[in-house]
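Scroll down for the structure; my scribbles are underneath it.
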Amino acid sequence: MTLKVQEGQVTAAIIAPNGEKIGTANSTSQWQGQLPSSGDYSIEISGDNKANYGVKIEVK
Numbered sequence: 098m099t100l101k102v103q104e105g106q107v108t109a110a111i112i113a114p115n116g117e118k119i120g121t122a123n124s125t126s127q128w129q130g131q132l133p134s135s136g137d138y139s140i141e142i143s144g145d146n147k148a149n150y151g152v153k154i155e156v157k
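Position 30 of the sequence shown, counted from 1, bears residue number 127 in the numbering used here, the numbering being contiguous throughout.
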């Protein structure tokens, strides 16, 4: 899986089914890795201020 913030001053985090944060991405970095288990994952977007943003999520 790849997670990348394409636009905006936000942080995107991948949350595993057990609630653990397993990776983050922001405007200067991306996260790429294998999801450790099956289940429902969440993407949490956060920032200091109200912002427009674009996030790219790729699952293979």
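Ideal Cβ positions, reconstructed from N, Cα and C, are used throughout, including at glycine.
Asked, Found
"Give the single residue among T99, Y138, I119 and Q106 whose Cα lies nearest to the Cα of N146.", "Q106"
"Assuming the contact rule is C-beta atoms closer than 8 Å, E159 and A122 should be a hit. Round their C-beta distance to whole Å, please.", "Lying before the first or after the last residue shown, residue 159 is absent from the chain, which here runs from 98 to 157."
"Counting only the same chain and skipping the five closest in sequence on each side, list residues whose C-beta sits under 8 Å from that of Y138.", "I111, I112, A113, P114 and L132"
"Determine which residues share a DSSP beta bridge with L100 and list them.", "W128 and I154"
"Would V156 be called buried (16 or more neighbouring beta carbons within 10 Å of its own) or exposed?", "exposed"
"Cα separation between Q129 and M98?", "6 Å"
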